[in-house]
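Protein chains in written order, with my numbering: chain A, 1 to 240; chain B, 1001 to 1295; chain C, 2001 to 2412; chain D, 3001 to 3332. Just so you know, even glycine gets a beta-carbon here, dropped at the ideal spot from N, CA and C.
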């Protein structure tokens, strides 16, 4: 394996006394799909916010392609190739679907014409081409989630952070999304995905990292992790 | 010049008292209706002239006229609110701005009417209280407190306290606070948003009109006075934190202190420069007003 | 393209009217530019009243007698809104659209300074009946005159009168609001006081409209003999009320401009008593004239009838601006509409003019610092004595002795 | 759609260009010149308020700074007008940069009042300094040539319109600015640096305003803190932009034209009735907002949009209406 595309080096994030993320370390290698799982409040979204630059780590460092990116603002990380979606979907309501994606395309294609062309490609890829001129606020939940992914893709990221993109979708929509994720992985994009639906995580993740109360309690192949007693206990109750 | 320190502090409080009256109602109205009222100065002017003519007609001391002025303008405010509600209901335009433009037009109209009806001369409302002042002396420290301004301060604090209890203790107050925190949710809980807002706007216009009478006793009134008081009313409300009522007295007193200290100790030419500079800096340092409690 | 044709048509129609030939008429067109709204509305309206009174009285007597015919005057108003740019627009409208023969000018120096260049361009004479700021005359506008001398001409007299009191005031605190006129007034008071050996303990320019109670509390500690304040009407009333409220009575209180205004006495009642002011005219000035009003008292009565309020020198000065034009027109025997040559001659006539009016002697300076300002009139010191504006200085014009020192507020 | 716009724009511009040739009524030209000035000011204000969602209640400060820069450079250091005018825009831009960095951190009413406080503070500085002449103000050499100022003002405002039209509607900047307005933190994740973009919008709004201030100084020949740093510029620009319709280019233009020409017409032709024109103007503005809460342009395009939809037989639900052109809800 070449050196990791992302290295989390004993990162801690404390809000006052509360350690949302407590001394977590793990690595992601190019082309992998890593699942980040754990019960609610385990620190998954906080970790996402740290990696994407919305929070600076209290201790520890983050390396992306070898460069220390801890504390850099989100837009600098976007330029470096980290795209992300939001758990609470964030379309630009007043703008059309096409415009939403164009805005993300500016990162790689500053001129509007090239950005628009790139945006159309992304819309086709994420299956939203037919809703291009509709206001983003009128999309269904599934449509908005696809738009989120589309906007992150428009950055042509090397590392894509997906925050519960499948949650709340009906089975067919979920399958389409999974199919899209696998297609992205085949194009060489490394993916870190947070998801509660075990069926999805276990099927597509190469490796899985489990958080509980902000600490990493397990990591490894999905099958091993599923049998790990600590993970079972964390999930099924009887908190440690 | 340390002798003058107590006087500077007292004068700061007294000027602050006036600012409280012109800002407290506005802060309440903003909290509930999120309206930037450009015509607050004109409500003050109209209240002042009603007080002036009532005083001439009844020869009563202005302080007895305050309740009448309040009732008259509270009714005007109550009746007026539905129009403002409609203005604030625009879906496309930004309601805050639409309210601003509406009240700007209103203010312009009242100013023109004031000039035509009340004439262009300045007037003053005579009051028995403006005749004398307390003179306190201990050692070589001394303080002169004009009775009229002291009465203004007492009146301002009593209004603040009354509003405070109205909000904290009465169900109307509960409805108001619910509305200011979350308009839709309050509606769900059976709070009649329209009627409560009408009462609030009535109270706001009533209080502003009363402060006009007070200003008439302490300073002078003219059809053109609106502009300056609109500015100071905004400053106090924003400095205190929009909609945060209990912040208003402190913001008012701060503005009062800055003026009195600059007029006494530093170069008086820079008084207003200091007021605006300090307001700007405070807003930069604590973006939600002095206590970071603004809406 | 259809829309464009219609648009062009409308525009040409709109602009067609100035092309009409200027037909002879039997009345003079007089432009009136004053601030009827905005911060300076009070002074602007008083000035307009002065012009109205002149025009109505003149027209009541048939108009200006030139050769064998009488020509009435028709006023064309424009509100300068206390904004120089609106003043310039007003000047251009009156000059090009209404094609006025001459203009009666604004009250504020700012508006006057914006209006004057426009009228210089159109060569239209203007007399301002109430602008007192020295700035105007320093610019040496050829087509602008003023019937009220600037404050650096009139400001010294009250200080000279006060210096003659016994015991004469030895110390003074002088302050002025931060606008052009008030600052010039305070500076005039200061220069005069220093020339007369009165020690100026404190000289400050304060923001206009500022509550001066704290400042006065500090002044109370210094206990100066004289407090002199340059400001506008409302600020003067507020200052007296502040002094009243902190119960501090200086030996003498001198203020300008606003003491002579009826609102000052009406608002302050007995607190207005014994306040000194600067003026150039009152109803009791002994001046004789054969133009419209025989003497000051007659004008005072006419003004009181017309506006139910006693007249002050600003209003009188404005009416005198009309008289000046009237006299000059009779001298050059020009008939409306005034051609450019007529207007040129009118300026020359105004420069040579030396007439007696109800207002006093009218003579415009031809050069120097007061270029085209009325230097014929004698500055006066006035004092409010039992509710009336009374001349107390200089001696030859005084109608009563100055009451000095000020009776403490409590004992009135 | 675009072809018809260009034709319409060209025909209006051509009429305006030939106007001074077919008439030399100085007052008429002055009124149109001042209308241009207000169009420029309202558009500049709307760039920050409508597109970026930042209400600048101290917009007049750039106008005053521009006016004083030109006046000081011309009167104190003998610059000629062709150099002093662009300098006004540069200085206004620099002030926008330094004032913008701290102030743009604020939001909504707090930003509005902070900029207001800043403009009042600058007015006091102008009242106190020697170089600005204090309350006496400054006079500039009178160059009263209506046609020159008409053309120059038309040129400046047209250039500003084209610059705004290109940047806001055609180039990427307009979309980035709208993204910031819609959801600043969401935009950050897409590589947009909100602070940089907001500062750029602030400067873009300040530079034309400063140049218009410099124009005003040379045109009116007299400036003082009360007139160029007072509230008139801000109040009127705000009312015109909001009355016309926020977040569009044509809203402020229509708002400026209507309000200014209404005010001037009443002011000129109701002159004999003292301040009656103020009452009528105030009433008109108030009533217009009551009956058109979405602003003139918002209502117009809403009406046209609705009619087009009906003609096409689409069941248009207001939510799904194509809203890119129209004034948008500005979030605090």
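Contact list for residue i against chain C, beta-carbon separation under 7 Å
i, result
"residue 3149 (chain D)", "Residues of chain C passing the Cβ test: none, with the nearest at roughly 11 Å."
"residue 1126 (chain B)", "2269"
Any chain C beta carbon closer than 8 Å to residue i
i, result
"residue 3030 (chain D)", "yes"
"residue 3227 (chain D)", "yes"
"residue 3221 (chain D)", "yes"
Chain B within 8 Å of residue i, Cβ atoms only
i, result
"residue 3274 (chain D)", "yes"
"residue 2213 (chain C)", "yes"
"residue 2037 (chain C)", "yes"
"residue 2177 (chain C)", "no"
"residue 2217 (chain C)", "yes"
"residue 2045 (chain C)", "yes"
Exposure of residue i, with buried meaning 16 or more beta-carbon neighbours within 10 Å
i, result
"residue 2177 (chain C)", "buried"
"residue 10 (chain A)", "exposed"
"residue 2081 (chain C)", "buried"
"residue 3166 (chain D)", "exposed"
"residue 1094 (chain B)", "buried"
"residue 2222 (chain C)", "exposed"
"residue 1044 (chain B)", "buried"
"residue 3337 (chain D)", "There is no way to answer for residue 3337 (chain D), as the model of chain D reaches only from 3001 to 3332."
"residue 3178 (chain D)", "buried"
"residue 2238 (chain C)", "buried"
"residue 195 (chain A)", "buried"
"residue 1127 (chain B)", "buried"
"residue 3034 (chain D)", "buried"
Interface partners of residue i on chain A, CB under 8 Å
i, result
"residue 3198 (chain D)", "Going along chain A, no residue has its Cβ under 8 Å from residue 3198 (chain D), so there is no contact; the nearest lies around 13 Å."
"residue 3182 (chain D)", "92, 93, 94 and 95"
Residue i at chain A interface by Cβ criterion, 8 Å
i, result
"residue 3191 (chain D)", "yes"
Cutoff 8 Å: residue i Cβ touching any chain D Cβ
i, result
"residue 52 (chain A)", "yes"
"residue 2085 (chain C)", "yes"
Contacts that residue i makes with chain D (C-beta to C-beta distance below 9 Å)
i, result
"residue 99 (chain A)", "3175, 3178, 3179 and 3324"
Beta-carbon neighbours of residue i, restricted to chain D and to distances below 7 Å
i, result
"residue 2121 (chain C)", "3144"
"residue 2403 (chain C)", "By Cβ distance, chain D contributes nothing, its closest Cβ being about 33 Å from residue 2403 (chain C), past 7 Å."
"residue 2201 (chain C)", "Here the premise fails: no neighbours, minimum Cβ distance about 22 Å."
Partner residues on chain A for residue i, Cβ-Cβ distance less than 9 Å
i, result
"residue 3171 (chain D)", "111 and 112"
Chain-ordered neighbours of residue i on chain B, where CB pairs are closer than 8 Å
i, result
"residue 2206 (chain C)", "1263, 1268, 1269 and 1271"
Within chain D, the residues that residue i reaches when beta carbons sit closer than 8 Å
i, result
"residue 1087 (chain B)", "3289, 3290 and 3293"
"residue 1332 (chain B)", "Residue numbering for chain B in the displayed model covers 1001 to 1295; residue 1332 (chain B) lies beyond these limits and cannot be assessed."
Residues that residue i contacts on chain B, provided the C-beta gap is smaller than 9 Å
i, result
"residue 3103 (chain D)", "1280, 1283 and 1284"
Within chain F, the residues that residue i reaches when beta carbons sit closer than 9 Å
i, result
"residue 1219 (chain B)", "The chain inventory of the structure shown lacks chain F, comprising the protein chains A, B, C and D."
Residues, ordered as in the chain, of the region 3231–3263 of chain D that lie near chain B by beta-carbon distance below 8 Å: 3231, 3235, 3238, 3239, 3242, 3243, 3245 and 3246
Taking one C-beta from the region 1001–1019 of chain B and one from the region 50–68 of chain A each time, how about it: are there three or more such pairs within less than 8 Å? no
Do three or more CB pairs link the region 2093–2113 of chain C to the region 2023–2034 of chain C at distances below 8 Å? yes
Please list, in chain order, the residues of the region 2221–2253 of chain C that have any C-beta partner in chain B closer than 8 Å. Using a CB distance below 8 Å, the part of the region 2221–2253 of chain C facing chain B consists of 2221, 2233, 2234, 2237, 2238, 2241, 2244, 2245, 2246, 2247 and 2248, ordered along the chain.
Assess, as a yes-or-no matter, whether the region 3092–3100 of chain D is touched by the region 3177–3190 of chain D under the definition of 3 or more beta carbon pairs within less than 8 Å. Segments in contact, no.
Chain-ordered residues of the region 2258–2287 of chain C with a beta carbon less than 8 Å from chain B: 2261, 2262, 2263, 2266, 2267, 2268 and 2269
Stretch pair the region 1076–1084 of chain B + the region 1195–1213 of chain B: three plus CB contacts closer than 8 Å: Counting Cβ pairs under 8 Å, three or more are found: they touch.
Flag this pair as touching only if the region 3052–3071 of chain D and the region 3260–3274 of chain D have three or more C-beta atom pairs under 8 Å; answer yes or no. Not touching, per the Cβ criterion.
Give the residues from the region 1007–1038 of chain B that approach chain C closer than 7 Å (Cβ to any Cβ), ordered along the chain. Of all residues in the region 1007–1038 of chain B, 1007, 1008, 1011 and 1015 have a Cβ within less than 7 Å of some Cβ in chain C.
Pairing CB atoms from the region 3023–3030 of chain D with CB atoms from the region 3205–3215 of chain D, are three or more of them under 8 Å? no
Counting Cβ pairs, one atom from each stretch, are 3 or more of them under 8 Å apart for the region 2135–2145 of chain C and the region 2055–2063 of chain C? No, the region 2135–2145 of chain C is not in contact with the region 2055–2063 of chain C.
Measuring CB atoms only, is the region 2070–2080 of chain C touching the region 1251–1261 of chain B, in the sense that at least three cross pairs come out at less than 8 Å? no
With three or more C-beta pairs closer than 8 Å as the rule, is the region 1114–1121 of chain B touching the region 1228–1240 of chain B? no
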